[in-house]
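Asker: No gaps in the numbering here: position 65 of the sequence shown is 58 in my numbering, and each next residue is one more. Every residue gets a Cβ at the ideal spot worked out from N, C-alpha and C, and that includes glycine.
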Amino acid sequence: MNPSNKEMQLRKNCQLYAYVLVSQDKEIPEEIQDSIDSYEYIMNCVEELSAELKSLDSDTFDRIVNNTELLEARELAYWWEMREEADRLHKSLSSDV
-6 MNPSNKEMQL
4 RKNCQLYAYV
14 LVSQDKEIPE
24 EIQDSIDSYE
34 YIMNCVEELS
44 AELKSLDSDT
54 FDRIVNNTEL
64 LEARELAYWW
74 EMREEADRLH
84 KSLSSDV
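Here's what the structure looks like:
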């Protein structure tokens, strides 16, 4: 059976998280690597990825996210932009209630 769109996106999020970790010379946790290697074990890495990006200083963020020469960096920059917009919309909608 083919993976669903959600499964593919969850796997991509873990790949981006691994990219951020490797870019900082950090080890990729085994469960994250398992999620990248197989659709049999899919994790949701969104919160971990968001937290890791928020913890970066500006120079490290620029080196990892704003590196226009690397496909992973461009994908991550797009992901981060969409995540920030989603957070902004969520806060806006929450304050309207």
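Please classify L49: does DSSP put it in a helix, a strand, or coil?
Answerer: Looking at L49 - three-state DSSP - the assignment turns out to be coil, as it is neither helix nor strand.
Asker: Taking the straight line between their C-alpha atoms, what separation do you get for T61 and R67?
Answerer: Cα to Cα, the separation comes out at about 6 Å.
Asker: Would you check if the region 3 to 20 and the region 40 to 51 touch, i.e. whether three or more CB-CB distances between them fall below 8 Å?
Answerer: Touching, per the Cβ criterion.
Asker: Could you spell out where the alpha helix (DSSP H) holding Y12 opens and where it closes?
Answerer: Counting along the chain, the alpha helix (DSSP H) containing Y12 begins and ends at N(-2) to S16.
Asker: May I ask you to report which of helix, strand or coil DSSP gives S31?
Answerer: In the structure shown, S31 sits in coil (DSSP, three-state: anything other than H, G, I, E or B).
Asker: Can the beta-carbon of E65 be found closer than 8 Å to that of Y32?
Answerer: No, the pair does not count as a contact, with Cβ atoms beyond the cut-off.
Asker: Give the DSSP-derived three-state secondary structure of K84 in the structure shown.
Answerer: Reduced to three states, the DSSP call for K84 is helix.
Asker: Measuring only the C-alpha atoms, how far is E40 from L3?
Answerer: If I take the Cα positions, the gap works out to 11 Å.
Asker: DSSP state of E20, grouped into three classes?
Answerer: Coil at E20, not helix or strand.
Asker: If you compare alpha carbons, which of S85, K84 and I57 is closest to L14?
Answerer: For L14, the nearest C-alpha among the options comes from I57.
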